[in-house]
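For reference, the structure discussed in these notes is given below.
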Amino acid sequence: VKAFAERNIRWLFLRPSSLGGEKPLTEFETLIARVRQGVAHEKGAVRSPRPFAEPVVLPLLIPFLCAVSTLAIAGVLFAFPVARGWQIAGLLGVCLVGVGAAMGNAIGYLAFLVAVAAPMAAYAWWATRRAQPGFVGAIVMGAICVGGGLIVAGMLNDLPYYIQLKMFTGVKVAHFAPIAIVAVLLLNRLVPLRKIAQEPMRYGPVVLGFVGLAIVAFMMSRTGNDSPTGVSGVELQFRSLLDAVLPVRPRTKEFMFGHPALVLGLMFLKRDPKSVWGSVLLGAGFIGLTSVINTLCHLHSPLALNLTRIAVGAVLGLTLGLALWWLLGALGFVRTAGEQESGSESMGDQARS
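Residue numbers (the numbering used here): 42 to 394.
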């Protein structure tokens with residue numbers, strides 16, 4: 042019941058709590074009845090039993106997805122300014138994994154590479170634009186991540202993954218590694234890392250770094266269906282409200298944090314490509330993008346449910362981001378690079394006068 046209410050899981054797999062009783066099947070029936078009552082109390086419904094139908098997968102679908110994924114990952118690899126030797130070595134490794142996945146031996150490893158590469162592809166698309174895309178960029182980057190998540194779901198479309206006899210490995214790494222990589226790339230875009238290494242240590246960046254690490258550690262503790270971190274009563278009430286008014290409850294970190302931060306970051310960078318706040322918010326926005334892929338990696342939930350959940354979160358999050366951008370503009374916090382330069386020149390003129 043907790044999995045249904047807190048984690049939005051719709052396929053609940055039960056096993057007898059004990060086989061040592063006098064009537065183990067009767068006790069198991071009692072347990073199932075209690076779960077049914079608990080789900081009903083949480084405004085859910087347990088369907089009547091029905092035969093399970095094996096998923097129908099076209100014979101050439103998996104090899105096709107493996108080939109497309111290998112080419113896409115190779116493209117992402119060559120999109121970044123890495124030494125050619127490392128690029129070639131990485132390409133050979135990706136090709137070996139792709140061939141192994143097409144043969145059915147390494148499909149989980151290729152799915153992991155796709156989950157990591159999709160947010161990096163979104164960043165590469167943004168970084169190679171001649172003109173900053175603004176709000177449209179949030180839609181395109183989200184679509185890239187949805188495509189990567191669908192490829193993962195398609196490659197792992199099998200009953201053992203549904204019931205977790207097989208697990209999608211590296212979920213947390215795929216969730217947080219792209220965020221860390223993008224953060225480093227955005228920092229290097231503002232100030233070259235070599236220059237930063239030559240600077241003396243300052244308290245402000247160190248404290249900010251520890252705050253960022255604490256936030257990431259908290260997110261890692263909340264990631265996964267067996268999260269050791271509990272959910273507060275206020276958050277449970279908020280989730281119940283969302284379940285009552287929305288067709289599917291979206292992930293909180295997507296529509297309340299990640300997507301609005303992505304919109305604000307892109308809009309700030311469109312006004313000023315060197316905006317520090319824009320870079321910080323853009324990096325935070327990747328929390329929502331990686332969460333989209335993570336949602337589609339929840340193979341124990343129906344695909345239609347996951348897509349609906351992503352769509353609802355995107356509509357709410359992007360709308361919230363636009364509303365915040367309008368509010369910042371109304372309050373006078375948004376200034377273009379030209380306005381900042383003219384402001385600094387006028388201050389200089391006043392000082393000289």
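Here a beta-carbon is modelled for each residue, glycine too, at the ideal position from N, C-alpha and C.
These numbers come from a predicted model, not from an experiment.
Margin query: Ignoring anything shorter than 4 residues, give me the alpha helix (DSSP H) runs that lie fully in the region 82–152, in order along the chain.
Written below: 102–120 and 125–143
Note to self: If you measure between the beta carbons of A302 and G326, is that distance less than 7 Å?
What the structure shows: Looking up residue 302 in the sequence shown gives position 261. Looking up residue 326 in the sequence shown gives position 285. Cβ distance < 7 Å, so A302 and G326 count as in contact.
Next item on the list: Inspect the CB distances between the region 330–340 and the region 205–221 and report whether three or more fall short of 8 Å.
Entry: yes
Margin query: Could you compute how far the alpha carbon of L227 sits from the alpha carbon of G324?
Written below: Locating residue 227 in the sequence shown gives position 186, where the first residue counts as 1. Locating residue 324 in the sequence shown gives position 283, where the first residue counts as 1. Computed Cα separation, rounded: 7 Å.
Notebook entry, point to check: Which of the three DSSP states, helix, strand or coil, is assigned to Q205?
Noted result: Position 164 of the sequence shown, counted from the first residue, corresponds to residue 205. Correct three-state label for Q205: coil.
Margin query: Please return the same chain residues whose Cβ sits closer than 8 Å to the Cβ of V193, not counting the five positions on each side in sequence.
Written below: Within the sequence shown, residue 193 is the residue found at index 152, counting from 1. Cβ within range, chain order: A152, V155, A156, F209, I334, L337 and C338.
Checklist line | Sub-7 Å separation of V289 and T349 beta-carbons | finding: One-based indexing of the sequence shown puts residue 289 at position 248. One-based indexing of the sequence shown puts residue 349 at position 308. In contact: V289 and T349 (Cβ atoms closer than 7 Å).
Next item on the list: Rounded to whole angstroms, what's the CA-CA distance from F105 to A142? Just pull it up for me.
Entry: Taking the first residue of the sequence shown as position 1, residue 105 is located at position 64. Taking the first residue of the sequence shown as position 1, residue 142 is located at position 101. One C-alpha to the other measures close to 11 Å.
Check: Given a threshold of 16 other Cβ atoms within 10 Å of its Cβ, counted over all protein chains shown, does G145 qualify as buried or as exposed?
Finding: Taking the sequence shown and counting its residues from 1, one reaches residue 145 at position 104. Classification for G145: exposed.
Next item on the list: Report whether the distance from the Cβ of A46 to the nearest heavy atom of the ligand GTP is below 6 Å.
Entry: Absent from the structure shown: the ligand GTP. Ligands present: none.
Notebook entry, point to check: In three-state DSSP terms, what is I180?
Noted result: As a first step, residue 180 is located in the sequence shown; it is residue number 139 there, counting from the start. Helix at I180.
Notebook entry, point to check: When the Cα of V225 is compared with those of S320, K294 and L361, which residue comes out closest?
Noted result: Working through the sequence shown from its first residue, we reach residue 225 at position 184. Ranking the options by Cα distance to V225, first place goes to S320.
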